[in-house]
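Plus 5 on top of the position in the sequence shown (first one is 1) and you've got this note's numbering.
No residue lacks a Cβ here, since even glycine has one placed at the ideal position from N, Cα and C.
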Amino acid sequence: MTNLNAVEGLDALTRSLARRTPEQLAALLTRHAEPLARRPAPTELRGLAGALWSYETLHQLVLHLDHPRLQVLTATARISQECARNAAPGPAAPAPGADYQSLMAHRLSFAHLATEPVPPEDVFAALGATPPGRTRTAAETALHALYDDGLAAPTEDGAIVVPPRTPQLLAAHDPGPLLADAPRPTPDDPAAPAASVPPTSLHDESRAAAATLAATLDRLLASLATQPAALRKSGGLAVREIKRLAKAAGATEPHTRLLLDLALAADLIALTRTPSGITALPTGAYDDWLARPPGARLAPVLAAWSGLWDIPTHTPFGETPTALVRGHDRHAPALRHALLAALAAVPYGAGAPLPSLPFTEPPEQEAGSPTPWNALLRAADWHRPLAVTHQPMAGERAAHTLHEAAYLGIVAHGTLTPLGRALLTDPRSLDRPLADLLPPLLEQAHFQADLTVVVPGRPAAALAALLTSAADRESEDHAVTWRFTPASVRRALDTGHTADTLLADLTRASATGALPQPLDYLIQDTARAHGRMRVLPAACCIRSDDEALVRELAAHRALTDLGLRAIAPTVLVSARPPAATLDALRAAGYAPTLESDTGTTTVERLPAHRATAPAPIRDHRAPLALAHRLLGVPAPRQEATRPGGE
């Protein structure tokens, strides 16, 4: 049986998409960017309609439906399938022992994919939303939202068509009664005490968390830039690497795993294949990230958390905690949205404390009243029914998600902070709330006579780099403290500073324009002892029992670039690595062999080169440009002439 109605449904969706403005179509493309990115970019509206109604895309989109939209879609799909079966029933199921032809004839009938247009009134009647009222309004609003998202389409006569795969996708979902409003995230208990004002405001809590997060992330990425982390052959970081990075960042191991995964999702870290294995190190975007203000640094990291396919701090029983593994939990983004949406309805001072970790299910209260935790999960389930209580370990996953949100400054005192509300509204518009939370970076420090230097806030990248190169960081809270020691000053001299240049740079960084006398003495004394003995570089050695040949090589004009120097009658040192030295000697007509550190001759093999794939470039104007092309509408001049950037 050919499902002609499914083809007509795609036609109806295509016509619905064609009636939109470029801005409306771009908004749809932006909302569905993640699932659509897993398919080839459409070249026509019909292709976009097919991508929206493909099983893979639908499987992802239905996770982000709230209770009213999911109820309307489920009821429409079941009525549509029932109407299709009544209109054109497929062949009866073959009896046991039927021949191959009968089995295939039944299999190829595709009766389970048959659909029919459904009048809206039938859907409303099935949901008990017939009379005018709050339920009817919620059902109509949900239906129009499904139209806007491309999960349903109206026909010419006003009926509803849905994707053919929808009945099978939602077969296990129990529609139940339609709830027009979300349940209260706090239990209705008349005996409960009135809301009390917490000791700190939401703004202060969020500001403290954001400042700690910015400093921790800065230290973590700086440590990774200094010493890249090696991944296991099976994937992910080893426990010892996580411990090392956690110590360098001053964070717990779960928070370190969280920040590593967020930095990877924000393209601040890349996984690079090397001859020794796969390593993780900062990308070129990290240098640009360092030059941004503190708020602009955190914006892409928090936006990455909202869409991350994983709960990094949650490790199921029996698994080894790791990091830098591409997540596969497609329910995690919907779970985050549901919890944040539920907490948005909690008044300030009425929120319950977060459940402790490791998580244990709280006991039920007497008289059948739900606990605050159960009330919160019930409210979250209304916002994303398929991603909360329908999933295993719902309470444990939700608890870890909320603890991550508290660490990121999104949740405090059992409700959303202003930063959390901004993230819930639009993860791409966090620059302004973060700028209000984090003050500008400081470019000057206070030098003290006890050889310490204090920055009363967040230091700029240049100031932090200067002080870190010449002093040891001691503490970091609301102010950052470094201490100068002979070893730290010697470290600065080793990097190319002289006493004069170091004193000049530190004087410019001083808030008073001068340095304490003890610091001046320390730098001068350390500089006088610096360089009294020298270590000469030698990339490799050339050894020969023929002393005349050694003198000949040292005087050969064609080998000048090697910087050959005799350190013994039979030994020369070269400033170039072994491979370059071998090539130069062979080009000059000699026939050297490569020797290992054990004295045996090394067999040379041709190296295998690998190319590094360029990182994808994200253009926020791409959805609007694609919408113009699909609709056949000329793009505005500024978008047509500058598609690649500002």
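Collapsing the DSSP output to three states places Trp487 in a strand. Residue pairing from DSSP places Cys546 in a beta bridge opposite Val578. Using a C-beta cut-off of 8 Å, the region 232 to 242 makes no contact with the region 295 to 307, since fewer than three inter-stretch Cβ pairs fall below that distance.
For Ala38, the closest C-alpha among the options Leu22, Glu49 and Leu66 is that of Leu66. Boundaries of the beta strand (DSSP E) around Pro287: Gly282 to Pro287.
When C-alpha distances from Ala343 are compared across Glu258, Thr575, His388 and Ala32, the shortest belongs to His388.
Residue pairing from DSSP places Leu447 in a beta bridge opposite Pro464. When secondary structure is reduced to three states using DSSP, Asp566 falls in the helix class.
In this structure, Ile283 sits away from Leu225, with a CB-CB distance that is not shorter than 8 Å. Each residue's CA atom was taken as its position, placing Gly594 and Thr586 some 13 Å apart. A distance of 8 Å or more separates the beta carbons of Ala553 and Ser579. Sequence-distant Cβ neighbours of Ser281 in its own chain, meaning closer than 8 Å and more than five residues away, are Ala235.
In the structure shown, Glu409 adopts helical secondary structure according to DSSP, grouped into three states. About 7 Å separates the beta carbons of Thr81 and Ala157, which is inside the 8 Å limit, making them a contact pair. Given a length threshold of 4 residues, each whole run of the alpha helix (DSSP H) inside the region 122 to 155 is given here in chain order: 125 to 131 and 139 to 154.
Every beta strand (DSSP E) of 3 residues or more that sits fully in the region 246 to 309 is shown, in chain order, as 274 to 279 and 282 to 287. Residue range Pro27 to Arg36 is occupied by the alpha helix (DSSP H) that includes Glu28.
Annotation for Leu471: Asp510, Leu511 and Ala514 place their beta carbon closer than 8 Å to its own, counting only its chain and skipping 5 residues before and after. Cα atoms of Leu68 and Pro45: separation of roughly 22 Å, rounded to the nearest angstrom. Under DSSP, Asp477 forms a beta bridge with Arg488. Under the three-state reduction of DSSP, Ala404 is assigned to helix.
By DSSP's assignment, Phe452 forms a beta bridge with Val458.
When beta bridges are read from the DSSP output, Leu242 appears opposite Leu236.
Ile547 and Ile572 have their C-alpha atoms some 10 Å from each other. The C-alpha of Asp505 is placed about 42 Å away from the C-alpha of Leu558. For Leu63, the enclosing alpha helix (DSSP H) stretches over residues Tyr60 to Leu66.
By the C-beta criterion, the region 459 to 473 is judged not to be in contact with the region 424 to 438, since fewer than 3 inter-stretch pairs fall below 8 Å. Here Asp482 is exposed. Its C-beta has fewer than 16 other C-beta atoms within 10 Å.
Taking a C-beta distance under 8 Å as the contact criterion, Leu15 and Ala54 qualify as a contact pair.
Of the candidates Pro583, Arg495 and Arg591, the residue whose Cα lies closest to the Cα of Ser601 is Pro583.
The shortest CA-to-CA distance from Pro73 to any of Pro124, Pro27, Ala143 and Arg43 is the one to Ala143. Closest by C-alpha distance to Trp58, out of His418, Gln449, Arg562 and Tyr152, is Tyr152.
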